Structure formats: structure tokens, C-alpha cells
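In this note's numbering, each residue carries its 1-based index in the sequence shown increased by 2.
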Amino acid sequence: MIDTAGEWTDLSVTIYPDMAKMPFLPCPEIDRLSKQSATSLQVSEVSFATHIGTHVDAACHAIADGKSIEEYDAEKWLGRARVHEVDAAPNEAIEVADLAPIADDLTDVDALVLRTGWEELIEADAYYQHPYLSNDLAEWLVEQDLSWIGMDILT
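Next up, the structure:
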């Protein structure tokens with residue numbers, strides 16, 4: 003992703019067997035099938051649920067007749083984004099007022115990333131008590147006609 007300052011922002015989370023995930027999801031599995039040598043290439047097999055690590059929640063994740071990820075054009079995920087730092091407490095709703103400082107600055111971007119700092123807690127139990135969007139903020143964000151919204155939380 004390129005932010006509004008023209009800098010690349012890495013949104014990825016490394017996938018590893020005991021990574022943070024929803025408790026009901028299986029752990030990722032990474033198996034080496036062959037090792038690199040003079041006569042062979044290294045080949046690995048990776049298996050994980052689609053709802054762990056850095057991922058996109060397609061509409062069908064929460065809406066019965068919503069689009070699945072392959073129904074979206076890849077262009078949807080490209081473009082300029084604004085990264086906005088939000089100070090939010092555990093299990094606290096992020097409100098429209100928390101975005102007041104940038105409310106007028108969303109017309110020149112395609113996407114918005116809300117950075118709560120929660121990614122720094124990925125190895126802690128507190129990671130599971132992340133902030134969330136209030137209903138009012140979710141509705142306000144839809145009105146902004148952004149291509150996508152990202153957050154640094156579990157789900």
C-alpha cells in the first residue's frame with residue numbers, strides 16, 4: 003500500500019505455526035517437501051485458514067449474499083491510502099469523532115488504514131481485546147465511498 007506521503011507501508015503479518023488467531027481456527031502448517039540441493043529446489047507446502055494474518059474480509063464473511071473475494075477486481079486493492087493513528091482502549095469502540103482530524107482529507111485517497119497500535123500486542127493475550135468500529139463510524143465510512151478500510155487488529 004502507498005500512503006498519502008508516497009511511502010510504502012507494509013501491512014503484512016508473518017504466518018507461523020503458533021501465531022495469534024481466533025481460537026476455533028486451526029494453526030497454520032508449514033511443511034518442507036524438498037530441500038534445495040544441486041539437483042532439487044526447495045519446495046514447501048503451507049496450509050492455513052483464510053482468516054488469519056493479514057487478510058481481506060470479503061462481504062460474504064458477514065453478509066449471506068455478499069461478494070466472495072474472487073468476485074472483486076484486483077484494482078480495488080490498489081491505490082493511495084491515508085494511515086490514521088487512533089488511540090483506542092481494549093474492547094473500546096472507535097467513534098466518528100476519532101476521525102474528525104482527517105474527516106475532510108479522505109477525498110484524495112482510495113483507502114483508509116486505522117492504526118491503533120494493536121499489532122504491537124500480537125504476542126500478548128491483550129491482542130484479543132482489540133478495539134472495534136462503532137456502528138455510527140461504520141456507516142460514516144461507507145458514506146465516504148472508500149475502496150477499502152484496514153485495521154491492525156485480529157479481525
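All residues carry an ideal CB built from backbone N, CA and C; glycine is no exception. Model, not experiment: these values are computed from the prediction.
Span separating the alpha-carbon of residue i from that of residue j
i    : j    : result
S70  : L43  : 34 angstroms
A83  : S46  : 33 angstroms
D67  : L80  : 25 angstroms
E87  : A76  : 27 angstroms
I155 : F26  : 17 angstroms
A99  : S39  : 58 angstroms
T122 : E72  : With the sequence shown as reference, residue 122 is identified as Glu, and Thr is not the correct amino acid for it. For E122 and E72, the distance between alpha carbons rounds to 30 angstroms.
D106 : T41  : 59 angstroms
A115 : S14  : Per the sequence shown, the amino acid found at residue 115 is Val instead of Ala. If I take the Cα positions, the gap works out to 13 angstroms.
Y74  : Q131 : 30 angstroms
A126 : T157 : 15 angstroms
Residue environment, residue i, which counts as buried when at least 16 other CB atoms sit within 10 Å
i    : result
T52  : exposed
M24  : exposed
V144 : exposed
I65  : exposed
W10  : exposed
T118 : buried
A102 : exposed
P92  : exposed
V58  : exposed
Residues near residue i by beta carbon distance below 8 angstroms, same chain, minus five either side
i   : result
I17 : P30, I32, V48, F50, I54, G55
H63 : H53
DSSP-derived helix/strand/coil call for residue i
i    : result
L116 : strand
A83  : strand
Y74  : coil
Y134 : strand
E9   : coil
V45  : strand
E31  : strand
I151 : strand
Residue i Cβ short of 6 angstroms to the ligand MG heavy atom set
i   : result
C62 : This structure lacks the ligand MG, and indeed carries no ligand of any kind.
Same chain, Cβ closer than 7 angstroms to residue i, five either side skipped, listed in chain order
i   : result
D20 : C29
Residues of its chain near residue i, where Cβ-Cβ distance is below 6 angstroms and the 5 sequence neighbours each way are ignored
i    : result
A135 : The sequence shown places Leu at residue 135, rather than the Ala named in the question. These residues qualify, in order along the chain: I96.
Supposed contact pair residue j and residue i - C-beta distance, whole angstroms, cut 8 angstroms
i    : j   : result
I124 : A22 : 5 angstroms
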